[in-house]
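Undergrad:
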Amino acid sequence: MEKKMTSEQDIKKIRELLEFLVKQKVFEKLNKLSSDEKKVYNLTGNEKRDLIQEKTRFAAGKISKIWQKLEAEGLLIKDGKRYKKVI
116 MEKKMTSEQD IKKIRELLEF LVKQKVFEKL NKLSSDEKKV YNLTGNEKRD
166 LIQEKTRFAA GKISKIWQKL EAEGLLIKDG KRYKKVI
């Protein structure tokens, strides 16, 4: 019983440290994005592409290219036909 508690505590600590490191890396990458890329990133996950097009006035192709770049940078994950933020 004692060993299991320690193991669960260790896993929790590892998870917290990993989350901290990932957030730090994401923040660094976000600071390097262009303003257009930041607009799309900020709306991703909250809005559908049609609404992102309307809010940004970007063409669908431009949004798709930005999503692909953000996925390659490790900032987005493709989930079926949609993209979601890693954090």
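Reading the sequence shown from the start, the letters are residues 116 to 202 in my numbering. Heads up, the beta-carbon is just placed ideally off N, CA and C, and yes, glycines get one too.
Locate the alpha helix (DSSP H) running through residue 172, then write down its first and last residues.
TA: Element bounds for residue 172: n/a, residue is neither H nor E.
Undergrad: Taking 8 Å as the CB-CB limit, is residue 133 close to chain E?
TA: Included in the structure is just one protein chain, with no chain E present.
Undergrad: Please identify the residue among 174, 143, 181 and 169 whose C-alpha is closest to the C-alpha of residue 156.
TA: If we check each option's Cα against that of residue 156, 181 comes out closest.
Undergrad: Would you mind stating whether residue 202 and residue 141 have Cβ atoms separated by less than 8 Å?
TA: A contact, by the Cβ cut-off of 8 Å.
Undergrad: In whole angstroms, what separates the C-alpha of residue 169 from that of residue 123?
TA: Going by the C-alpha atoms only, they are around 46 Å apart.
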